[in-house]
Amino acid sequence: MLITLSLIALVIVSVSITGYIISAPAYSGTVTDHFDGKKFFSPGGAPARGLPDVLKWMINRQRGPWEPVNIIPPAGERHGTGVRITFVNHSTFLIEVDGLNILTDPVWSERVSPFSFIGPKRLRPPGIRFDELPKIDVVLLSHNHYDHLDLETMKRIFRTHNPRIVTPLGVKAFLDAQGITGATDLDWWDEYTVREGLKVVATPAQHFSGRGMFDRDATLWCGFLLIRKAGNIYFAGDSGYHESMFKEIGVRGAPIQLSMIPLGAYKPQWFMSPVHCSPAEATRIHLDVRSHRSVGMHFGTFPLADEGSHELLQDFEEGLKKYAVPPEDFILLAEGEPAVF
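Numbering (this note's numbering), first residue to last: 81 to 421.
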């Protein structure tokens, strides 16, 4: 009995130590309408589910089927003017805009986890080989979850491209501690000028943050607007649905020429809806922000939730029909597929 209790205690201590080591530094700053001095929170105070709900979900999971894809599309010619986006996969896009190359939430690792041997594994390869990326000028990081801030990928990008990096509040300190220096932290609605004619604005999102056991909501999460004369571009990051929040983004970000909107990891909805939107809710976001065109993301790469890949496609088509959105106005791209706007 004593040996058993000792082993349990050893496991608890080991897990706690590991959870502490992988936790990100906490942000410290002025109290705001979404920061209480220690923790950030979403518009309307909508919280992500806690540990009891996580355990309930894990015990009762009913996963839909996923189909791995093993073909890596060939890299195409790069684009010099206007706007072209290439879907790498998950939430990673190469945005080629006005002669600049911008990456969103870049992930090239095989797993999105603090460990290389466990955690959600990539089922679809990146649509662009890392070594075939053009010179990257800017990286946008929406928050510090492993499927959005992949440390090994960021280290490779920093060594190879040394881009400007834009993050929500508190994420810069984590990157600095990893030797990825020079990032710029933004609060919601803060601006960063990339160059004349192009600004980055951090926008609200309904989500949460954390990399370990002791840093839950200790750093901010966000989406981004690229403000440009020829029409703005909106990258929504990771978010649950919040009507007034997205409508405000639509007003303050007008005119939005193009949006990248998440629509995966949404089932079971009782558990996921505070932090991830469904395909139908993604369609509502397209309308709320008054986007001219939209592209879906956050689907098909890592099995983070319970919907199957075909189920998502069906729900997406039903969402377009429900809200009378023409299919050409909100599209899904294959890995490596570029779209010019």
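From the three backbone atoms N, C-alpha and C, an ideal C-beta is built for every residue, glycine too.
Here's the rule: buried if 16 or more other CB atoms are within 10 angstroms of the residue's CB, otherwise exposed. What is residue i?
i	result
Lys-218	The identity of residue 218 in the sequence shown is Val, whereas the question assumes Lys. Burial call: buried.
Ser-196	exposed
Gln-394	exposed
Gly-124	exposed
His-390	exposed
Lys-402	exposed
Pro-205	buried
Asp-256	exposed
Ser-171	buried
Ala-334	exposed
Thr-261	exposed
Val-280	buried
Leu-87	With a pLDDT of 47 at Leu-87, under the threshold of 50, the modelled position of this residue cannot be trusted; read the value that follows with caution. Exposed, because fewer than 16 other Cβ atoms sit within 10 Å of the Cβ of Leu-87.
Glu-415	buried
Val-111	exposed
Thr-273	exposed
Pro-145	exposed
Phe-382	buried
Helix, strand or coil, according to DSSP, for residue i in the structure here?
i	result
Ser-374	strand
Arg-339	The amino acid occupying residue 339 in the given sequence is Ser; Arg does not appear at that position. If DSSP states are grouped into helix, strand and coil, Ser-339 belongs with the strands.
Leu-367	helix
Asp-211	helix
Pro-406	coil
Arg-244	strand
Thr-261	coil
Arg-308	strand
Phe-379	coil
Gly-416	coil
Ala-282	strand
Arg-239	helix
Thr-299	coil
Thr-233	helix
Glu-387	coil
Ile-198	coil
Arg-332	helix
Glu-398	helix
Work out the CA separation of residue j and residue i for me, nearest whole Å.
i	j	result
Gly-109	Gly-117	6 Å
Leu-174	Thr-247	17 Å
Asp-386	Pro-342	16 Å
Leu-278	Arg-308	5 Å
Ser-353	Ser-222	18 Å
Gln-258	Gly-292	15 Å
Arg-239	Glu-212	15 Å
Val-43	Ala-345	No information on residue 43 is available, as it lies outside the stretch 81 to 421 that the chain covers here.
Leu-413	Asn-312	20 Å
Thr-363	Ser-374	9 Å
Gly-380	Arg-202	9 Å
Gly-162	Val-405	25 Å
Glu-328	Ile-411	23 Å
Glu-408	Gly-250	38 Å
Ser-339	Lys-136	34 Å
Ile-336	Pro-105	34 Å
Met-325	Ser-122	10 Å
Glu-361	Leu-384	18 Å
Please name the residue, chosen from the options, that lies closest to residue i on a Cα-to-Cα basis.
i	options	result
Lys-215	Gly-290, Gly-179, Trp-350	Gly-179
Met-234	Glu-271, Leu-278, Trp-188	Trp-188
Phe-320	Pro-359, Arg-291, Ile-336	The displayed chain sequence assigns Gly, not Phe, to residue 320. Closest option to Gly-320, Cα to Cα, is Pro-359.
Leu-400	Ala-414, His-366, Gln-286	His-366
Pro-284	Ile-165, Pro-383, Pro-186, Asp-113	Asp-113
Gln-142	Phe-351, Asp-409, Asp-318	Phe-351
Leu-300	Glu-398, Phe-167, Leu-229	Leu-229
Phe-115	Pro-186, Trp-268, Leu-183, Arg-236	Trp-268
Leu-266	Glu-232, Glu-276, Lys-252	Lys-252
Arg-244	Thr-264, Phe-254, Asp-227	Thr-264
Cys-302	Pro-194, Glu-397, Asp-318	Asp-318
Glu-232	Pro-194, Gly-199, Gly-290, Ile-198	Pro-194
Arg-445	Asp-270, Pro-186, Pro-383	Here the chain has residues from 81 to 421 only, and residue 445 is not among them.
Rounded C-beta distance between residue i and residue j? I'm assuming under 8 Å.
i	j	result
Leu-220	Phe-315	6 Å
His-32	Val-369	The question about residue 32 has no answer, for the chain in this structure spans 81 to 421.
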